[in-house]
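Peer 1: One structure is given below, represented as structure tokens, and several questions about it will come after.
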Ligand code: MAN
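Put into structure tokens, the structure is as follows:
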């Protein structure tokens with residue numbers, strides 16, 4: 127009942143006699159009342175004679191009347207603990223079922239008081255203290271060394287964290303700059319395209335005007351040609367049918383002039399306009415195509431999605447037969463400058479770099495990002511016929527079997543999940559418990575559940591400030607060394 131007893135208010139008043147199994151500052155709980163009787167501690171309505179305490183018969187339901195015997199049943203809910211004074215070392219408690227069982231429980235009772243009936247266990251507290259002091263000293267120096275290594279790892283991790291953040295910032299800035307440059311290239315190309323287009327439009331308009339003039343000239347020409355033919359015919363008729371006996375000077379002069387005209391008349395020129403028609407058609411087609419390409423490709427501001435669209439088109443172009451899209455893409459390719467292409471390549475590679483860095487950055491590096499200092503390091507050891515390889519922030523392998531991929535770190539244990547599936551079982555997974563030490567050492571590998579592995583690995587990563595009480599928890603008396 128020691129656990130509950132400690133909840134009670136106690137004084138340090140001295141007691142006359144000492145009740146076995148009870149620590150000095152709780153002895154007063156065992157003082158008799160005015161009638162010389164005693165009351166069970168958790169149920170004072172049960173009154174016992176004072177000499178019923180430690181009479182090896184359990185009277186109180188809470189077992190408080192038998193602190194120095196094994197008469198009351200030990201249960202986890204109501205543990206009965208026997209106080210060992212351990213003079214020369216430090217007081218402790220032993221479970222009451224270990225009392226007088228013939229075994230010297232020196233880990234808890236170095237004074238041997240647990241075997242008070244036989245008295246077979248001498249007090250070895252001086253030797254135990256010596257072992258304890260040595261243990262604490264070596265543990266302390268080990269954990270302090272581990273802590274120093276951990277501090278160094280933390281400094282390295284901090285520097286790596288800064289580097290990583292700086293790289294991300296730098297690449298992000300570079301991407302923004304490249305995007306701006308791409309935008310400028312687009313604007314330049316757009317301006318150039320507008321200039322080219324307007325020039326070509328002007329040519330087309332001039333050609334159209336010329337065509338118009340040519341057409342009207344052709345009409346006029348035909349008209350004049352017809353009129354001339356008519357007049358020539360009239361004059362020829364007159365020349366053939368006039369009466370030369372009439373001496374008309376005007377008629378004679380006209381006929382003479384007609385003969386001069388006909389003998390000096392040049393050959394007829396056959397003018398066709400097919401050539402100019404073809405030229406105009408070509409210009410109109412070209413102008414239309416360019417307007418289409420310009421609207422589709424150049425008048426859109428550069429965004430990540432239309433760049434992706436462009437590369438998507440380029441990708442599917444590899445697998446499709448030439449079509450309208452291909453024609454436009456080719457046209458677009460021709461119009462792009464080399465610097466634009468270089469910028470796009472740079473943009474793509476920086477984007478990839480950024481994605482990788484951000485992926486890496488989102489891993490669980492633990493407190494102060496300490497695991498950054500061991501990233502990509504591997505620890506290897508053969509245990510139980512297998513070679514285990516533990517990759518920090520990476521994966522664990524049992525020979526070539528994947529035990530799991532890294533998933534997180536809580537300061538003392540690392541988790542690995544989604545390994546190779548076990549035959550008729552789940553996917554393998556593991557927990558790596560880290561124990562503080564300056565060096566890495568895989569102490570054990572177990573499989574507490576099917577295909578879930580438990581690794582015990584010493585590492586400076588797990589070191590932290592410890593009190594003597596923390597260090598003392600692992601102390602065990604080396605009975606071989608006791609004399
Ligand atoms: C292999 C090893 C063992 C594991 C069994 C499960 O033999 O990976 O660790 O327990 O497979 O089938």
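Residue numbers (this note's numbering): 127 to 609. Glycine is no exception: its CB is placed at the ideal position from the N, C-alpha and C atoms.
What residues does the ligand MAN have around it, judged by CB closer than 5 Å to any heavy atom, in chain order?
Peer 2: 548 and 549
Peer 1: Here's the rule I'm using: 16 or more other beta-carbon atoms within 10 Å means buried, otherwise exposed. How should residue 222 be labelled?
Peer 2: As a first step, residue 222 is located in the chain shown; it is residue number 96 there, counting from the start. Label assigned to residue 222: buried.
Peer 1: Pull up the DSSP beta-bridge partners for residue 562, would you.
Peer 2: Numbered from its first residue, the chain shown carries residue 562 at position 436. The partner list for residue 562 (beta bridge, DSSP) reads 585.
Peer 1: Could you spell out where the alpha helix (DSSP H) holding residue 375 opens and where it closes?
Peer 2: Here residue 375 refers to the residue found at position 249 when the chain shown is read from its first residue. Here the alpha helix (DSSP H) through residue 375 covers 375 to 390.
Peer 1: For the beta strand (DSSP E) that residue 506 lies in, which residues bound it at each end?
Peer 2: As a working mapping, residue 506 is identified with position 380 in the chain shown. Note, residue 506: beta strand (DSSP E), 504 to 509.
Peer 1: Does DSSP put residue 591 in a helix, in a strand, or in coil?
Peer 2: If you number the chain shown from 1, residue 591 lands on position 465. Secondary structure of residue 591 (DSSP, three-state): coil.
Peer 1: Under 7 Å Cβ to Cβ from residue 173, same chain only, skipping five residues before and after it: list those, please.
Peer 2: For the purposes of this step, residue 173 is identified with residue 47 of the chain shown, where counting begins at 1. Excluding positions up to five away in sequence, the list reads 163 and 165.
Peer 1: Of the residues 197, 339 and 230, which one's Cα is nearest the Cα of residue 608?
Peer 2: By 1-based counting over the chain shown, the position of residue 608 is 482. Answer by Cα proximity: 230.
Peer 1: Classify residue 558: buried if its beta carbon has 16 or more other beta carbons within 10 angstroms, exposed otherwise.
Peer 2: Position 432 of the chain shown, counted from the first residue, corresponds to residue 558. Burial call: buried.
Peer 1: Could you tell me whether the Cβ atoms of residue 512 and residue 525 are closer together than 8 Å?
Peer 2: In the chain shown, residue 512 corresponds to position 386, counting from 1. In the chain shown, residue 525 corresponds to position 399, counting from 1. Cβ distance < 8 Å, so residue 512 and residue 525 count as in contact.
Peer 1: So what's residue 163 in DSSP terms, helix, strand or just coil?
Peer 2: Residue numbering aside, residue 163 sits at position 37 when the chain shown is read from its first letter. Correct three-state label for residue 163: strand.
Peer 1: Can you give, in chain order, each stretch of the beta strand (DSSP E) that sits fully within the segment 212 to 258 and has at least 3 residues?
Peer 2: 218 to 221
Peer 1: Could you tell me the boundaries of the alpha helix (DSSP H) in which residue 473 lies?
Peer 2: Within the chain shown, the letter at position 347 stands for residue 473. According to the DSSP assignment, residue 473 belongs to the alpha helix (DSSP H) that extends over 464 to 487.
Peer 1: Using three-state DSSP, classify residue 348 as helix, strand or coil.
Peer 2: Taking the first residue of the chain shown as position 1, residue 348 is located at position 222. Correct three-state label for residue 348: helix.
Peer 1: So, with DSSP's three-state summary, where would you put residue 336?
Peer 2: The sequence position of residue 336 within the chain shown is 210, counting from 1. Helix, per DSSP.
Peer 1: Report the residue from 287, 235 and 522 whose alpha carbon sits nearest the alpha carbon of residue 488.
Peer 2: Residue 488 sits at position 362 when you count from the first residue of the chain shown. It is 287.
Peer 1: If contacts are defined as beta-carbon pairs under 8 Å, then residue 505 and residue 568 qualify, I think. What distance do you get, rounded to the angstrom?
Peer 2: The residue you call residue 505 lines up with position 379 of the chain shown. The residue you call residue 568 lines up with position 442 of the chain shown. About 7 Å; that satisfies the 8 Å criterion.
Peer 1: Where does residue 72 land, buried or exposed, given buried means 16+ other C-beta within 10 angstroms?
Peer 2: Lying before the first or after the last residue shown, residue 72 is absent from the chain, which here runs from 127 to 609.
Peer 1: Taking the beta carbon of residue 248 as the centre, do at least 16 other beta carbons fall within 10 Å, making it buried, or is it exposed?
Peer 2: Translated into positions along the chain shown, residue 248 becomes position 122. Residue 248 should be labelled exposed.
Peer 1: Going by beta-carbon coordinates alone, are residue 496 and residue 279 separated by less than 8 Å?
Peer 2: Walking along the chain shown from the start, residue 496 turns up at place 370. Walking along the chain shown from the start, residue 279 turns up at place 153. Yes.
Peer 1: What does the alpha-carbon distance come out to for the pair residue 377 and residue 390?
Peer 2: Reading the chain shown from its first residue, position 251 is the one you call residue 377. Reading the chain shown from its first residue, position 264 is the one you call residue 390. Rounded to whole angstroms, residue 377 to residue 390 spans 20 Å at the Cα level.
Peer 1: Can you give the Cα-Cα distance for residue 483 and residue 331, rounded to whole angstroms?
Peer 2: Counted from its first residue, the chain shown places residue 483 at position 357. Counted from its first residue, the chain shown places residue 331 at position 205. Taking the straight line joining both Cα atoms gives about 56 Å.
Peer 1: Starting from the C-beta of residue 479, find all residues in its chain whose C-beta is less than 7 Å away, skip the five residues before and the five after it, and write them out in chain order.
Peer 2: By 1-based counting over the chain shown, the position of residue 479 is 353. So the qualifying residues of the chain are 297.
Peer 1: I want to know whether the segment 584 to 595 touches the segment 239 to 255 - three or more CB-CB distances under 8 Å.
Peer 2: By the Cβ criterion, the segment 584 to 595 is not in contact with the segment 239 to 255, since fewer than three pairs of Cβ atoms, one from each stretch, lie closer than 8 Å.
Peer 1: Can you tell me which residues form a DSSP beta bridge with residue 276?
Peer 2: For this step, residue 276 is matched to residue 150 along the chain shown. The partner list for residue 276 (beta bridge, DSSP) is empty, contrary to what the question assumes.
Peer 1: Take the Cβ of residue 547 as the centre, count every other Cβ of all protein chains shown within 10 Å, and call the residue buried at 16 or more, exposed below.
Peer 2: Sequence index remark: in the chain shown, residue 547 carries index 421 (1-based). Its Cβ having fewer than 16 others within 10 Å, residue 547 is exposed.
Peer 1: With residue 147 and residue 200 assumed to form a contact (beta carbons below 8 Å), what rounded beta-carbon distance in angstroms separates them?
Peer 2: Start at 1 with the first residue of the chain shown, and residue 147 comes out as number 21. Start at 1 with the first residue of the chain shown, and residue 200 comes out as number 74. Contact between residue 147 and residue 200 does not hold, since the beta-carbon distance rounds to 13 Å and is not under 8 Å.
Peer 1: Residue 556 by DSSP, collapsed to three states: which one?
Peer 2: Indexing the chain shown from 1 puts residue 556 at position 430. Correct three-state label for residue 556: strand.
Peer 1: Tell me the rounded alpha-carbon separation between residue 269 and residue 502.
Peer 2: Counted from its first residue, the chain shown places residue 269 at position 143. Counted from its first residue, the chain shown places residue 502 at position 376. Using only the alpha carbons, I get a separation of about 25 Å.
Peer 1: Residue 529 lies in the beta strand (DSSP E); which residues open and close that run?
Peer 2: Taking the chain shown and counting its residues from 1, one reaches residue 529 at position 403. From DSSP, the beta strand (DSSP E) with residue 529 extends over 527 to 535.
Peer 1: Which term fits residue 529, buried or exposed, when burial requires 16 or more other beta carbons within 10 angstroms of its beta carbon?
Peer 2: The residue labelled residue 529 in the question sits at position 403 within the chain shown. By the neighbour-count rule (16 or more Cβ atoms within 10 Å), residue 529 is buried.
Peer 1: In angstroms, rounded to a whole number, what distance separates the CA positions of residue 554 and residue 179?
Peer 2: Position 428 of the chain shown, counted from the first residue, corresponds to residue 554. Position 53 of the chain shown, counted from the first residue, corresponds to residue 179. The alpha-carbon atoms of residue 554 and residue 179 are separated by roughly 57 Å.
Peer 1: If you reduce the DSSP assignment to three classes, tell me which class residue 197 lands in.
Peer 2: Counted from its first residue, the chain shown places residue 197 at position 71. Looking at residue 197 - three-state DSSP - the assignment turns out to be coil, as it is neither helix nor strand.
Peer 1: Where does residue 150 sit, in a helix, a strand or coil, going by DSSP?
Peer 2: If you number the chain shown from 1, residue 150 lands on position 24. Looking at residue 150 - three-state DSSP - the assignment turns out to be helix.
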